[in-house]
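Peer 1: Residue numbering for the sequence shown follows this note's numbering, beginning at 407 and increasing consecutively. After the structure tokens below, expect a handful of questions from me.
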Amino acid sequence: MLNTVKYDENWPYNDLDAPFSGGYDGVDISKHQGKIHWDILSKNHHIKFIYIKATEGLYNEDPCYKRNVSEAKKHGFLIGSYHFLSKNFTGRRQFNHFNDVVDKKQQDLLPIVDVEDDGTLGWSREKIQTELSDFIVACKEEYGKAPIIYCSESYFKDYLSPEFDNYILFIANYTGTPLLPGKPVYDMWQFSKKGHIPGIWNWVDLDKLSPNANIDDLKLTSNTD
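The following block contains the structure:
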């Protein structure tokens with residue numbers, strides 16, 4: 407979910423020399439997709455859900471977050487929000503920042519906590535697990551449910567398994583189907599960071615649900631505890 411492209415409200419959209427993508431159930435978006443053409447995106451019947459970056463660390467709010475939420479809701483999409491975990495602050499304080507930015511009443515889907523090498527570099531395995539656990543506890547206190555955990559397959563194996571095997575897992579693997587220790591199948595799979603879809607004129611992450619999963623499993627109204 408991390409991208410190094412800089413946001414500019416008036417940036418020229420890339421004319422991607424690539425066919426439109428298929429085989430996805432949802433996308434995740436942030437400032438790096440620029441100003442999305444929601445009228446075009448709303449005609450895309452592949453999309454069952456959209457996850458929108460809300461926050462990072464303790465002080466960062468994605469500059470496109472509120473607009474993306476408003477437009478996605480207006481165009482009838484099921485949405486959820488995600489937080490990028492940073493090594494500079496405790497997990498609980500970061501959830502509090504996320505909670506201050508995100509309007510729970512606008513959310514259809516469970517929150518996601520995004521845990522990556524770029525965010526936690528310098529933390530030990532024990533420290534990662536402690537701060538992630540604290541974020542999860544704070545989320546459960548507010549939402550009544552644990553967040554979905556997003557990370558790469560290798561990150562999960564190195565830092566989170568087996569302690570976090572029983573959570574809903576959103577796994578990034580761009581070369582093949584994720585194979586997870588202690589869990590027969592992924593719940594969600596980010597299979598491409600170079601998706602090309604009408605209405606978003608830059609690369610976008612493409613996501614799919616497990617064959618054993620249903621969109622209802624991700625909803626705040628379902629019993630996932």
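Ideal placement from N, C-alpha and C gives every residue a C-beta, glycine not left out.
Short check: CB of Phe-483 to CB of Asp-520, under 8 Å?
Peer 2: no
Peer 1: Applying the criterion that 16 or more other CB atoms from any shown protein chain within 10 Å of the CB defines a buried residue, is Ala-424 buried or exposed?
Peer 2: exposed
Peer 1: If distances are taken between C-alpha atoms only, which option among Asp-431, Leu-538, Arg-531, Tyr-580 comes closest to Thr-463?
Peer 2: Looking at the sequence provided, one finds Gly at residue 463 rather than Thr. If we check each option's Cα against that of Gly-463, Leu-538 comes out closest.
Peer 1: I need the boundaries of the alpha helix (DSSP H) containing Tyr-471, first residue and last residue.
Peer 2: 471-480
Peer 1: From what residue to what residue does the alpha helix (DSSP H) around Tyr-549 run?
Peer 2: 531-549
Peer 1: Can you round the beta-carbon distance between Ser-436 and Lys-472 to whole angstroms, since I take them to be within the 8 Å contact cut?
Peer 2: In fact, because the Cβ distance is near 13 Å, the residues do not count as touching under 8 Å.
Peer 1: Compare the C-alpha of Ser-560 against each of Asp-509, Asp-622, Pro-587, Thr-536 and name the closest.
Peer 2: Pro-587
Peer 1: Are Glu-532 and Cys-557 close, meaning C-beta to C-beta below 8 Å?
Peer 2: no
Peer 1: Closest by CA to Pro-553, which one among Asp-468, Lys-625, His-443, Ser-427?
Peer 2: For Pro-553, the closest of Asp-468, Lys-625, His-443, Ser-427 by C-alpha to C-alpha distance is Lys-625.
Peer 1: Quick check: the Cα distance between Leu-585 and Pro-604, rounded to an integer number of angstroms?
Peer 2: 31 Å
Peer 1: Which class does Gly-676 belong to by DSSP, given the choice of helix, strand or coil?
Peer 2: Because residue 676 is not part of the residues shown, which for the chain are 407 to 631, the question remains open.
Peer 1: Starting from the C-beta of Gly-601, find all residues in its chain whose C-beta is less than 8 Å away, skip the five residues before and the five after it, and write them out in chain order.
Peer 2: Ser-427, Tyr-430, Val-433, Trp-609, Val-610, Asp-611, Leu-612
Peer 1: Could you tell me the alpha carbon to alpha carbon distance between Leu-544 and Phe-501, rounded to whole angstroms?
Peer 2: Reading off the sequence shown, one finds Ala at residue 544, where the question assumed Leu. Each residue's Cα considered, the two are about 7 Å apart.
Peer 1: Looking only at its chain, what residues have a beta carbon closer than 6 Å to the beta carbon of Asp-593, apart from the 5 residues adjacent to it on each side?
Peer 2: Ile-574, Leu-575, Ser-616, Ala-619
Peer 1: In the structure shown, what three-state DSSP assignment does Phe-490 receive?
Peer 2: Strand.
Peer 1: Exposed or buried, Gly-525, counting other C-beta atoms within 10 Å across all chains shown (16 or more means buried)?
Peer 2: buried
Peer 1: Would you kindly work out how many angstroms separate the C-alpha atoms of Ile-542 and Lys-454, rounded to a whole number?
Peer 2: 25 Å
Peer 1: Around the C-beta of Lys-511, are 16 or more other C-beta atoms found within 10 angstroms, so that it is buried, or is it exposed?
Peer 2: exposed
Peer 1: Mapping the DSSP letters down to three states, classify Thr-526 as helix, strand or coil.
Peer 2: helix
Peer 1: Could you give the first and the last residue of the continuous alpha helix (DSSP H) run that contains Asn-505?
Peer 2: 497-507
Peer 1: Spell out the partners DSSP gives Lys-625 in its beta bridges.
Peer 2: Leu-515
Peer 1: Smallest Cα separation from Lys-551: which of Val-591, His-443, Leu-516?
Peer 2: Leu-516
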